[in-house]
Amino acid sequence: MNTISKIITWKRNILASLAVLLVLIILDFYGVYTNKFYFLKAENYLFPVLTIVHLLYLYVVWFKISEGELPDPKMRNIEYALYIIMGVYVFKIYESITVLNSIKEYGEHVIPSTFKPVATISLVLYSILPILTIYTFWLRKRYVGIYNFENYNDNLNIWQ
56 MNTISKIITW KRNILASLAV LLVLIILDFY GVYTNKFYFL KAENYLFPVL
106 TIVHLLYLYV VWFKISEGEL PDPKMRNIEY ALYIIMGVYV FKIYESITVL
156 NSIKEYGEHV IPSTFKPVAT ISLVLYSILP ILTIYTFWLR KRYVGIYNFE
206 NYNDNLNIWQ
């Protein structure tokens with residue numbers, strides 16, 4: 056892991072996570088079967104709303120590492136919420152695989168030429184996202200510290 060952390064620093068990881076999230080938010084509105092964007096479907100807004108928690112966590116990790124602060128209960132709660140959202144990411148991977156494999160079923164129908172490239176990009180990005188997220192958890196543990204709130208008040212020095 057130390058070799059990886061030399062290549063992919065915490066800043067690169069957070070920026071890569073941000074880029075992947077933004078591209079996936081855009082692709083979430085895109086219909087691969089019709090080659091159109093659907094902004095009026097309510098289910099297309101579920102992933103962008105859930106990514107707010109992920110973006111907030113990335114901001115908190117960036118702030119805590121750059122300021123050298125200790126972890127706090129709010130950060131822990133955001134991370135625990137992100138554990139649950141990781142289940143949604145796994146479901147999106149499954150959904151992307153299902154969509155990509157459905158080309159065999161709809162072979163007789165007119166499928167846009169952008170179907171396979173966009174579906175493949177979605178699958179790759181959805182697969183990269185949990186890896187980057189787990190790596191962010193490891194970086195938080197390494198640079199910010201573990202969640203140890205039993206002696207949290209002993210570590211605070213308000214006069215510094």
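In terms of the numbering used here, the numbers along the sequence shown are unbroken and rise by one, the last being 215. For each residue, glycine too, the CB sits at the ideal point set by N, CA and C.
Quick one: what's got a C-beta closer than 6 Å to Arg217's C-beta in the same chain, skipping five residues either side?
Nothing can be reported for residue 217, as the shown portion of the chain is limited to 56 through 215.
By Cβ distance, which residues of its chain are closer than 7 Å to Leu105, with the 5 residues on each side in sequence left out?
Locating residue 105 in the sequence shown gives position 50, where the first residue counts as 1. Here the set comprises Ile140, Val143.
Close beta carbons around Asn99, own chain, < 8 Å, minus the five adjacent residues each side:
For this step, residue 99 is matched to residue 44 along the sequence shown. These residues qualify, in order along the chain: Asp83, Phe84, Tyr93.
Over what stretch of residues does the alpha helix (DSSP H) that includes Ala174 continue unbroken?
Taking the first residue of the sequence shown as 1, we reach residue 174 at position 119. Segment 170-194, the alpha helix (DSSP H) holding Ala174.
Can you look up Tyr85 in the DSSP assignment and give me helix, strand or coil?
Within the sequence shown, residue 85 is the residue found at index 30, counting from 1. It is a strand residue.
DSSP three-state label for Lys91, please.
Numbered from its first residue, the sequence shown carries residue 91 at position 36. Here Lys91 sits in strand by DSSP.
Tell me where the alpha helix (DSSP H) around Glu150 begins and ends.
As a working note, residue 150 is residue 95 in the sequence shown. Element bounds for Glu150: 128-156.
For Ser151, which residues in the same chain have their Cβ closer than 6 Å to its Cβ, ignoring the five residues on either side in sequence?
Locating residue 151 in the sequence shown gives position 96, counting from the first residue. The residues are Ser177, Leu178, Tyr181.
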